[in-house]
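Participant:
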Amino acid sequence: MFGNGQVFISHAHEDNAICQPLLAALDAWQITYWFDLQELDPGQRFADKIQQALEQHDLLLRVATAAAERSYWMYRELQAVRGLQHAFPNHPRRIIHLALTPGLVFDATARAEMVIDATSMERPAWLRALREALGYTPQPRVSRRTAIAIGAASLVAAATTVLAARFYFAAPPHTVAALKPATTPQSIASDPKALAQRWHYDFNFSADETAFGGDQRVGLAQDMDALYAATNSGLAVKALAPQDGKVLWLFPSKTSSITTLSNAMIIQVYQNVVYLIGNITTNALASNAFVLLALDKTSGNLLWQSAPISTVNGNASDLLIADNTIYFMGNGSVYAYRLNGTARWQPVSLDPHGGSEFYPNYPMPVYASGMLYVVTNPGKLYALDAVTGKVRWSLQLPGSGTLPGQYVIAAPLVFNGLVVVGSPDNHYYAYDAARGTLRWKSLSPAQPNTDFQEFTCMSQPTYAQSRIFAQSGVTDGLAFKGGRVFAFDATDGHLLWQVDPLQLNIPFQLHNAVVVANFEPATVIGDTVYFTLGCISTDGNQQGVEVLIGLRTQDGTLVSYFLAPVSGVSIALSGDFPSGGRPVANGLAFLSSAPILYVLNT
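Take the sequence shown: its letters are residues 867 to 1468, numbered as in this note's numbering.
1) Looking at C-alpha atoms only, which residue of T1164, V1390, L1261 and A995 is the closest neighbour of G1302?
2) Buried or exposed, going by whether 16 or more other CB atoms sit within 10 Å of the CB of A1188?
3) Let me know if F1456 comes out buried or exposed under the rule of 16 or more other beta-carbons within 10 Å of its beta-carbon.
4) Along the alpha helix (DSSP H) that carries W880, what are the first and last residues, could you check?
5) If you measure from the CB of V1200, is any heavy atom of the ligand COA nearer than 6 Å?
6) Just the Cα atoms here: how many angstroms apart are F1117 and V1381?
7) Once you ignore the five residues that flank T1049 on each side, which residues in its own chain have a CB closer than 6 Å to its CB?
8) Would DSSP call P1213 helix, strand or coil?
9) Would you tell me roughly how many angstroms separate the C-alpha atoms of S1325 and L1454, rounded to the nearest one?
10) Per DSSP, H1293 is paired with what?
11) Just tell me which of A1296, N1206 and I1146 has its CA closest to the CA of D1162.
12) Leaving out five residues on either side along the sequence, give the residues of the same chain with a beta carbon under 8 Å from the beta carbon of V1274.
13) Who are T1328's beta bridge partners in DSSP?
14) According to DSSP, which residues form a beta bridge with N1467?
15) With DSSP as the reference, label R1301 as helix, strand or coil.
16) Which residue or residues does DSSP assign as beta-bridge partners of M1237?
17) Per DSSP, which residues does W1170 bridge with? Please list them.
18) Return the residue from the list L996, M1131, R1448 and S1433 that minimises the CA-CA distance to L1414.
19) Given this structure, state the Cα-to-Cα distance separating E979 from A933, to the nearest angstrom.
20) For Y1416 and P1367, what's the separation of their Cα atoms in angstroms?
21) With a threshold of 8 Å on Cβ separation, who are the neighbours of I1372 within its own chain once the five nearest residues in sequence on each side are excluded?
22) Cβ of V1285 within 7 Å of Cβ of Y1239?
23) How close, in whole Å, do the beta carbons of W900 and F874 come, if the pair is a contact with beta carbons under 8 Å?
24) Under DSSP, the beta strand (DSSP E) around E979 begins and ends at which residues?
25) Output yes or no for whether 7 Å exceeds the beta carbon distance between F1281 and E943.
26) State buried or exposed for A1388, treating a residue as buried only when at least 16 other CB atoms are found within 10 Å of its CB.
27) Can you list, in chain order, the residues of its chain with a C-beta nearer than 6 Å to that of F1335? Leave out the 5 residues immediately preceding and following it.
28) Just to confirm, are F1374 and V1432 a CB contact at a threshold of 7 Å?
29) Could you have a look at R942 and say whether DSSP puts it in helix, strand or coil?
30) Answer with buried or exposed for Q1409, where buried requires no fewer than 16 other C-beta atoms within 10 angstroms of its C-beta.
31) Quick one, which of D1091, W1065, G1198 and L1106 has its alpha-carbon nearest N1467's?
32) Could you give the first and the last residue of the continuous beta strand (DSSP E) run that contains R994?
33) My output table needs one value for D1366: the three-state DSSP class, helix, strand or coil.
34) Please state the DSSP three-state secondary structure of E1412.
35) For D1089, which residues from the same chain have a beta carbon less than 7 Å from its beta carbon, with the 5 sequence-adjacent residues on both sides left out?
36) Checking 7 Å against the spacing of the C-beta atoms, do F809 and A1296 come in under that value?
So this is what it looks like as structure tokens:
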């Protein structure tokens, strides 16, 4: 074996199931490896244990998939090992990229390390290539597997993970599991930490371009190198340095052929390219032309622009980039574009009405194992073949329909062969990803929506540590009443804990406040889950505050928070919900609806 013969497997947790042939091979070869089960040993900080494990394992095996390309922690693990190689050149370490989903693009650095494309070979062939890359020769070994915890409990948990993954992907349809009794502890820490502000950027008063004016709205994307912001009424897309907020570049530049860019709130960064949808004006193209744009993420230079997308009027979903394809919803249809700006397949119309006047924007599609999962505003869930756009199955979510309060505004979650989506009847439903059959139905702590003229907010759920984190609320006039954040068990949907944000030990300084629930997904970093939401006063004084709260994943105990004052009316009416908890270098990014971007030290 190369080095000390110990393998650290870097993988995205939604890929647990497709890693099983790899783990079976390593077990058969009696190779010691680290495979993070995530739910083990919650008492110790995740990051510390991962760092220690990376230092102790001389082989980094990176499971390269579409999910891996989006994984912040996998990026951190890869950079950490490369840093160790540079810092300790006399201690050899090897990095192997094992591609398990097709169409991935590897840069020169990765190709120089080693890339094994398992998608272009039969299993015996890629296993043989992997065995040779590891430098494996058969030898007796007692201990094969390590995880976050060591011992019998670890092996039982590991076996449970494998069996669960196989069950979700291979089990025939069965009856829905009965719910366990819900427990809802309210945990309040005595001394929560107020997160310190590293810097902020006010998009309404930027000094690097002419005044914006109007109702400013901002879309945000980020990677380890920069934060990328796009505006609906401004003159530029801009890249900001995560260390100090310095503007790295603006688009359009003075030399660009594009003279005006507007309605460009939809933005995503993938590898070395920033992709966005915008309304552009050039000498040859009218200002009502919506196109896809691709910018070099380092310089902001235009790489390409697509042909006009005449059927998109600006009310599009966020961009999903997977399997070397850009997917999005717009005007009731699903679109697929290659990374060169050409259409992969013709738009698939799922909602002939093109959305509602009440909430015209669509949830983003979600990709898993060659399938797209899409929910339309009227609450219909679809599974599409990601290569062809063909509908594989569809179903109507309970409580959904055509009235404003029956609309769905949050994307689904896909993990371990399940699709989980919030429905206007205040429940989350888990469906078999392959067949669309119901697996379980959760309980929700939000107030029941007895009048569907009111609007139910059920956020996009987040999966981590065998739990699902979400928030919900129901409108009452201008605000969501009964807003709660909560966690439920990912195996059967029973409630683990819930928190009323107004009861936390946070100095809101609002009188008669109500929670404005949010449909943004929570973010889990280590043992902390971060939610963003707003609170407004009901006294008619237009006072409001948006808050980022960090709660302990195990029990909902408040760990940290950050407050951003805003106009209460803007929270309730503009639809610009805060977007926060996004990881940046040694911190978190929080975008308020003001709109002001804050970068916080954690």
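C-beta: ideal position from N, C-alpha, C; glycine also.
Facilitator: From the atom records:
1) L1261
2) Flag for A1188 reads buried.
3) buried
4) It should be pointed out that residue 880 corresponds to Glu in this sequence rather than to Trp. It is not in any alpha helix (DSSP H) - E880 carries neither H nor E in the DSSP assignment.
5) Although the ligand COA was asked about, the structure shown includes no ligands whatsoever.
6) 36 Å
7) The predicted position of T1049 is uncertain, since its pLDDT is 42 and thus under 50; a value taken from the coordinates is nonetheless stated next. Counting only Cβ-Cβ distances below 6 Å, and skipping sequence neighbours, we find nothing.
8) strand
9) 20 Å
10) S1289
11) N1206
12) Once the five neighbours on either side are set aside, the close Cβ partners of V1274 are P1229, V1241, T1242, N1243, P1244, G1245, L1263, S1266, V1287, G1288, S1289, P1290 and M1324.
13) F1335
14) DSSP, once it has assigned bridges, lists A1062 and G1453 as partnering N1467.
15) coil
16) Bridge pairing for M1237: A1234 and D1251 [DSSP].
17) A1160
18) The option with the nearest alpha carbon to L1414 is R1448.
19) 21 Å
20) The sequence as given places Gly at residue 1416; Tyr does not occur at that position. If you take the alpha carbons of G1416 and P1367, they lie about 11 Å apart.
21) P1058, V1413, I1415, L1424, Y1427 and L1429
22) yes
23) 5 Å
24) That residue, E979, is in no beta strand (DSSP E); its alpha helix (DSSP H) goes A974 to E979.
25) no
26) buried
27) Cβ neighbours of F1335 beyond the five flanking positions: T1328, A1353, A1388 and V1395.
28) Their beta carbons are not under 7 Å apart, which means F1374 does not touch V1432 by this criterion.
29) helix
30) buried
31) W1065
32) R994 -> not in any beta strand (DSSP E); alpha helix (DSSP H) instead, spanning R989 to L1000.
33) coil
34) strand
35) Cβ within range, chain order: V1135.
36) For the chain, the structure presents residues 867 to 1468; residue 809 sits outside this window and is missing.
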